[in-house]
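Trainee:
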Amino acid sequence: MEPRHPEHWSIRIARPGREPVITDVRPAAAVCAAVLALVGLVAGVRLALNHFERTVSGFERTVTSERERNAALEVQAGRLLGKLEQLEAEVRSLQRQANLAPTIDATGQGGAGGAEPGAGAGMMLSIANLRLDKLSKAMRAKKTIALALAERSARPAGLPVVGARLTSGFGPRRDPVMGGVELHSGLDFAGPYGLPIRATAPGRVSRAGWGNGWGQHIVIDHGYGFETLYAHLSRLEVRAGDSVGRGEVVGRMGSTGRSTGTHLHYTVYLDAQAVDPSPYLGEAPPVPAL
1 MEPRHPEHWS IRIARPGREP VITDVRPAAA VCAAVLALVG LVAGVRLALN
51 HFERTVSGFE RTVTSERERN AALEVQAGRL LGKLEQLEAE VRSLQRQANL
101 APTIDATGQG GAGGAEPGAG AGMMLSIANL RLDKLSKAMR AKKTIALALA
151 ERSARPAGLP VVGARLTSGF GPRRDPVMGG VELHSGLDFA GPYGLPIRAT
201 APGRVSRAGW GNGWGQHIVI DHGYGFETLY AHLSRLEVRA GDSVGRGEVV
251 GRMGSTGRST GTHLHYTVYL DAQAVDPSPY LGEAPPVPAL
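Take full-length UniProt numbering: the last position of the sequence shown gets the number 290, and nothing is skipped along the way.
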């Protein structure tokens, strides 16, 4: 005969000083409730774990994204610093060429190297902002520097001919052909026939041909109000419209036009007025001899 299982359990809960509590519990219902409670607990833990995993995953993605963003910012900041250093070097070079006082100091903040390797994007951008403040002041002067350099380049400088001697200066003199006193508008250099005549500054040939009194002559427009005239030439080596460089041969010494002998007449014009060329002769190294 099989043993019989109780259909229900009586659970007595003693309470000191009070009536005990007696609860009838059916075993099957208790087991089901325990199983359901355990399943609910496991499901709750699983949901909590899933939520935690999603939170951690989202945080990791955020951290990764932030790292990538910082890395991109570091690259951009590094490029910006590189460009700033290049611009600073260009400005300092222009200032040296123009003999201007430096607007970017060479001892610390303006001319120093870039940020240390591995510096954060924030630090690199801060350095860039500091440099931008200094560089903006220098860049405001860059136009002035460039104009000063361009004007200096346009100034006639040096001798128009090598191997000749100065025979007549600028100013009042006796006219060698007609007699009487005239204002000599330039300098005369005497030398061998065919001696090379060179441009004393870069520019564009505005006139090349024959002119009354000047014979075969060349006028070069150098910009910024400067022009030079080379007269009494035996041969022209350039034509109107040609661009020439400083020291380039533009003609040959001769005696064409109103002339008493082989020589070069050289005039410097500033704002369409003839000026004494003498101060300009020593402003550049001597032109190379043949």
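Where a beta carbon is used, it is the ideal one built from N, C-alpha and C, also for glycine.
(1) Use the C-beta contact count for residue 52: other C-beta atoms within 10 angstroms, 16 or more gives buried, fewer gives exposed.
(2) Within the same chain, show all residues whose beta-carbon is closer than 6 Å to that of residue 213, passing over the 5 residues directly before and after it, in chain order.
(3) When the Cα atoms are used, what is the spatial distance from residue 162 to residue 80?
(4) Can you give the beta carbon distance from residue 279 to residue 266, rounded, assuming they're within the 8 Å contact cut?
(5) In or out: residue 58 buried (at least 16 other Cβ within 10 Å) or exposed?
(6) Would residue 260 and residue 253 qualify as a contact pair, given that the criterion is a beta-carbon distance under 8 Å?
(7) Alpha carbon to alpha carbon, what distance is there between residue 78 and residue 117?
(8) With DSSP run on the structure shown, which of helix, strand or coil describes residue 206?
(9) DSSP three-state label for residue 126, please.
(10) Got a sec, what are the start and stop residues for the alpha helix (DSSP H) residue 150 sits in?
(11) Give a yes or no on contact between the segment 147-162 and the segment 212-229, applying the rule of three or more CB pairs nearer than 8 Å.
(12) For residue 190, which option in 169, 183, 174 and 200 has the closest C-alpha, if you only look at C-alpha atoms?
(13) Contact check, residue 251 vs residue 218 under 8 Å by CB: the rounded distance?
(14) If residue 203 and residue 244 are in contact, beta carbons under 8 Å, what's the gap, nearest whole angstrom?
(15) Roughly how many whole angstroms lie between the Cα atoms of residue 114 and residue 132?
(16) Which runs of the alpha helix (DSSP H), 4 residues or longer, sit entirely within the UniProt domain "M23ase beta-sheet core" (183-277)?
(17) Between residue 211 and the rest of its own chain, which residues show a CB-CB distance below 6 Å, the 5 nearest in sequence each way excluded?
Mentor: In short, the structure shows the following:
(1) Classification for residue 52: exposed.
(2) Cβ within range, chain order: 257 and 258.
(3) One C-alpha to the other measures close to 50 Å.
(4) With a Cβ gap of about 13 Å, residue 279 and residue 266 do not count as contacting.
(5) exposed
(6) no
(7) Reliability fails at residue 117, whose pLDDT of 47 lies under 50, so the model's placement of it is uncertain and no value is given.
(8) Strand, per DSSP.
(9) helix
(10) 142-154
(11) yes
(12) 169
(13) 6 Å
(14) 6 Å
(15) With a pLDDT of only 47 at residue 114, under 50, the local geometry of the prediction cannot be trusted, and no value is derived from it.
(16) none
(17) 217
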